[in-house]
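Listed in order, the protein sequences are those of chains A and B. Going by this note's numbering, the first residue of the first sequence is number 12, and it counts up by one from there. Going by this note's numbering, the first residue of the second sequence is number 1082, and it counts up by one from there. Virtual Cβ for every residue (Gly too), placed ideally from N, Cα, C. Note that the coordinates shown come from a computational prediction; the quantities given were computed from them, not determined experimentally. Take a look at the structure below.
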Amino acid sequence: MQKITPLRSSLEAFKKFKTNRENNINANGHSTNPFGITFKGTVLQMDVFESASSKAPNVVKQKMQDAGKLLASAWTTVINRFSSIKQNIADFAKNVKTSTKEFIEMLNTTNVEFDFSKYSVSSLAKRPVSELGEMLSKEISSLRIK
Amino acid sequence: MKKIKNIIEALSIHEDSEAVKILDEIGTNCEMDDVRELTAKALVKRNSEESLKVVVANKGKGINDLSPKVVMTTINELLALEDKENILKILDETIEENEEQDVKDTASSIRALMSFAS
Chain A
12 MQKITPLRSS
22 LEAFKKFKTN
32 RENNINANGH
42 STNPFGITFK
52 GTVLQMDVFE
62 SASSKAPNVV
72 KQKMQDAGKL
82 LASAWTTVIN
92 RFSSIKQNIA
102 DFAKNVKTST
112 KEFIEMLNTT
122 NVEFDFSKYS
132 VSSLAKRPVS
142 ELGEMLSKEI
152 SSLRIK
Chain B
1082 MKKIKNIIEA
1092 LSIHEDSEAV
1102 KILDEIGTNC
1112 EMDDVRELTA
1122 KALVKRNSEE
1132 SLKVVVANKG
1142 KGINDLSPKV
1152 VMTTINELLA
1162 LEDKENILKI
1172 LDETIEENEE
1182 QDVKDTASSI
1192 RALMSFAS
């Protein structure tokens, strides 16, 4: 009977590990996992693991992403405000257009006559005498009624 | 009244001699003193034989008006005329030919006044 020394026990443990490993390799001959270690039957890919050194650039990336989001948010706000202003301007222009149209229609339908130009001496002197006679009679009659 | 004043003033400078007829028929026969006064001024301003005859040789018009205000205004306007040739001619004709003695006497007075004034 051999004496079990720590070296022997570790050698035996290694042999056992080797046997198991070879068995696993034979069972999954196409596997690319060099360690042959499975977690719940799923082979973990190498890129799943992150090194501590890769965390530093991620912070910068995160900051950049945050800044990008902030910028996008600001841009959206600006666009919204611009849209609102644009809408207001469009409404105002529409109102002006409508008012102008109504005013022109009113001018077209209303017979505007200015008394001061109609009864100015220079314009009266250009009218026929008969017309002036009628106007004079009419004005004198209206003065009598008052 | 402003409109009436402008119409009468327009008739005083109108090129058509028919304006005298309108002033004579409508203006001098108006019952309102102000209208008759404006009409007399307009007729004198025209300074034509026809217009001056209206204010000088007609009873109840111009210098023969019943309203002293109209009479005084007409005399003032006649005295203010720069060219007195027409008015002197009409006054002389009225003094010689008019049938109404009152009209003749008034014309004589105005003629004398104009002689002193000139």
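C-beta contact flag for residue i and residue j at 8 angstroms
| i | j | result |
| --- | --- | --- |
| LEU1119 (chain B) | ILE1103 (chain B) | no |
| HIS1095 (chain B) | VAL140 (chain A) | yes |
| LEU1162 (chain B) | VAL1125 (chain B) | yes |
| ILE1107 (chain B) | LEU1159 (chain B) | no |
| VAL1184 (chain B) | THR1155 (chain B) | no |
| LEU1147 (chain B) | GLY1141 (chain B) | yes |
| ILE1085 (chain B) | ILE151 (chain A) | yes |
Which of helix, strand or coil DSSP assigns to residue i
| i | result |
| --- | --- |
| ASN31 (chain A) | helix |
| GLU142 (chain A) | helix |
| LEU1172 (chain B) | helix |
| ALA1161 (chain B) | coil |
| ASN1128 (chain B) | coil |
| ASN1179 (chain B) | coil |
| GLY1143 (chain B) | helix |
| ASN106 (chain A) | helix |
| ALA24 (chain A) | helix |
| THR87 (chain A) | helix |
| LYS1134 (chain B) | helix |
| ASP1097 (chain B) | coil |
| ASN1110 (chain B) | coil |
| THR16 (chain A) | coil |
| THR1120 (chain B) | helix |
| SER1 (chain A) | The requested residue 1 (chain A) is not part of the displayed model; chain A covers only 12 to 157. |
| LYS137 (chain A) | coil |
| MET1082 (chain B) | coil |
| SER1190 (chain B) | helix |
For residue j and residue i, believed in contact at Cβ under 8 angstroms, the rounded distance
| i | j | result |
| --- | --- | --- |
| THR1109 (chain B) | ILE1144 (chain B) | Rounded, the Cβ-Cβ distance is 12 angstroms, inconsistent with contact. |
| ILE1171 (chain B) | ALA1138 (chain B) | 7 angstroms |
| ASN1167 (chain B) | SER1129 (chain B) | 7 angstroms |
| VAL1151 (chain B) | ASP1114 (chain B) | 6 angstroms |
| LEU143 (chain A) | LEU135 (chain A) | 6 angstroms |
Residue burial classification, residue i (beta-carbon count within 10 angstroms, cutoff 16)
| i | result |
| --- | --- |
| GLY79 (chain A) | exposed |
| ASN1087 (chain B) | buried |
| ARG1117 (chain B) | buried |
| ARG19 (chain A) | exposed |
| MET146 (chain A) | buried |
| THR1175 (chain B) | buried |
| ARG32 (chain A) | exposed |
| ARG1127 (chain B) | buried |
| ALA1123 (chain B) | buried |
| ASP1164 (chain B) | exposed |
| VAL1101 (chain B) | buried |
| ALA1121 (chain B) | buried |
| ASP77 (chain A) | exposed |
| PHE102 (chain A) | Here the sequence assigns Asp to residue 102 (chain A), which means Phe is not the residue at that position. Looking at its Cβ environment, which holds fewer than 16 other Cβ atoms inside 10 Å, ASP102 (chain A) is exposed. |
| ASP1173 (chain B) | exposed |
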